[in-house]
Structures are given as structure tokens and as C-alpha cells.
Amino acid sequence: MKKIGRRILFILLGIFLVCVILDFIPIKFAKNLNRIQFSDRMYVCEYATATDGNWEVIATNNPHLVETIYLNVKTDEQFRNLVEMTKCSLGMPVFNHYIFYGDVKKKDVGSEHYTYWLEATDWDVVFPIQRQSIRAFYVPKSYLTIYDFNWLTLFQK
Numbered sequence: 001m002k003k004i005g006r007r008i009l010f011i012l013l014g015i016f017l018v019c020v021i022l023d024f025i026p027i028k029f030a031k032n033l034n035r036i037q038f039s040d041r042m043y044v045c046e047y048a049t050a051t052d053g054n055w056e057v058i059a060t061n062n063p064h065l066v067e068t069i070y071l072n073v074k075t076d077e078q079f080r081n082l083v084e085m086t087k088c089s090l091g092m093p094v095f096n097h098y099i100f101y102g103d104v105k106k107k108d109v110g111s112e113h114y115t116y117w118l119e120a121t122d123w124d125v126v127f128p129i130q131r132q133s134i135r136a137f138y139v140p141k142s143y144l145t146i147y148d149f150n151w152l153t154l155f156q157k
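When you line the sequence shown up against my numbering, it's residues 1 to 157, in that order.
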């Protein structure tokens, strides 16, 4: 009986160690804003809950912009997961900065009112990465891990 209990304990300990080790395997490295060469197809964004768009492009982080704009990112499989990453388990947004690469199209929706749509081709996350969980204390802020992605949705299809 003691051997079975000991075996179960070692199996559970092994599973726990694998889960912790996965938190130290980088999936996507963060970019440092001080080391980036900006282009007019690059937008440093922060998640926003505005009616004009779901991403705020702050002019101070984007030298090619005159004023802050709000973007809607065309959603596809690559960016749908990114929107889920901006929320923690309590539904509150995590205010990381992201870099989107692509072209912005301005759409007229009324008299002197416009919405901006970004057809993004790629994205990066900006260093340091914020996390609103216990993982914020031990996971490095320089890269995203498998637990930062909503990877369980891949199995729901």
C-alpha cells in the first residue's frame, strides 16, 4: 500500500514539475522599444475599451503619428488569440503594449467621424510583459510562454 501511495505522489510531483518547466520555455520574445527602428507600417498599441476601436495607438509611442488613434484589428485566427491574452482570469484587461505590423485604412462612418482598420500581418509584444496572476512573480517578463496563450481553444474546434 505504501508503494502505491509513493508512486502516486511521484507521478503528481512529475506532472507539477512539467507544468512549472513549461512556464520557462519561451514561445515569443518581447521587443524592447528602445532598440526598435520604427516604420510607418508599425503601430505600438495598448488594449482599449473604446467604441472607436479595440486598440489604442498612442502618438508618443509612435513617432510617425500626430495624434492618438483607435484601431480595429481585422480578426483572424492569429489575432483572435491575442485579444484573449489581454484579459486575465477575472476578465480585467492586462495592459501590455503590442506592436502590430500592417496597413491602416481609414473608413468614413458619418460626418467628420472615422474609424481606423488595421490589416495586420504580424505582431510582437513589448518588454516588460505584465501578468495579473501568481505567475507575475516568477515568470520572466521578457517572453511569452504557452500559458500566456489561450491554447485550450485550439482543442474546442
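Glycine residues also receive a C-beta, built at the ideal position from the N, C-alpha and C atoms.
Given the structure is predicted, the values throughout are model-derived calculations rather than measurements.
Based on the DSSP secondary-structure assignment, which residues constitute the bridge partners of I99? Along the sequence shown, one-based indexing puts residue 99 at 99. V44 and D124.
With 16 as the cutoff for other CB atoms within 10 Å, does I69 come out buried or exposed? To locate residue 69, count along the sequence shown from 1; it is residue 69. Around the CB of I69, 16 or more other CB atoms lie within 10 Å, so the residue is classed as buried.
Below 6 angstroms CB to CB, which residues in the same chain sit around K105 once its five sequence neighbours on both sides are set aside? Position 105 of the sequence shown, counted from the first residue, corresponds to residue 105. Same-chain partners within the cutoff: W117.
May I ask which residues mark the beginning and end of the alpha helix (DSSP H) holding L13? By 1-based counting over the sequence shown, the position of residue 13 is 13. Its alpha helix (DSSP H) spans residues K2 to L22.
Closest to G110 by C-alpha separation, out of R7, E46, Q130 and D52, would be which residue? Looking up residue 110 in the sequence shown gives position 110. For the residues R7, E46, Q130 and D52, the minimum Cα distance to G110 belongs to D52.
Buried versus exposed call for F10 [16 or more other C-beta atoms within 10 Å across all chains shown]: By one-based count along the sequence shown, residue 10 stands at place 10. In this structure F10 is exposed. Its beta-carbon is surrounded by fewer than 16 other beta-carbon atoms within 10 angstroms.
For E56, report the span of its beta strand (DSSP E) as first-last. As a working mapping, residue 56 is identified with position 56 in the sequence shown. Looking at the DSSP string, the run of the beta strand (DSSP E) that includes E56 is W55 to V57.
Run through DSSP, which three-state label would N61 get? Taking the first residue of the sequence shown as position 1, residue 61 is located at position 61. DSSP places N61 in helix when its eight states are reduced to three.
For the beta strand (DSSP E) holding L158, just list the boundary residues, first then last. What the structure shows of the chain is the stretch from 1 to 157, and residue 158 is not part of that stretch, so it cannot be assessed.
For F127, which residues of its own chain have a beta-carbon under 7 angstroms away from its beta-carbon, when the five flanking residues on both sides are left out? One-based indexing of the sequence shown puts residue 127 at position 127. Excluding positions up to five away in sequence, the list reads A30, K31, N32, K141 and S142.
Which of helix, strand or coil does DSSP assign to F137? For the purposes of this step, residue 137 is taken as residue 137 along the sequence shown, with counting starting at 1. F137: helix per DSSP, three-state reduction.
Does Y138 pass the burial test, meaning 16 or more other C-beta atoms within 10 Å, or should it be called exposed? In the sequence shown, counting from the first residue as 1, residue 138 sits at position 138. By the neighbour-count criterion, in which a residue is buried when 16 or more other Cβ atoms sit within 10 angstroms of its Cβ, Y138 is exposed.
Mark I4 as exposed unless 16 or more other C-beta atoms lie within 10 angstroms of its C-beta, in which case mark it buried. Position 4 of the sequence shown, counted from the first residue, corresponds to residue 4. Taking a 10 Å sphere around the C-beta of I4, we find fewer than 16 other C-beta atoms and assign the residue as exposed.
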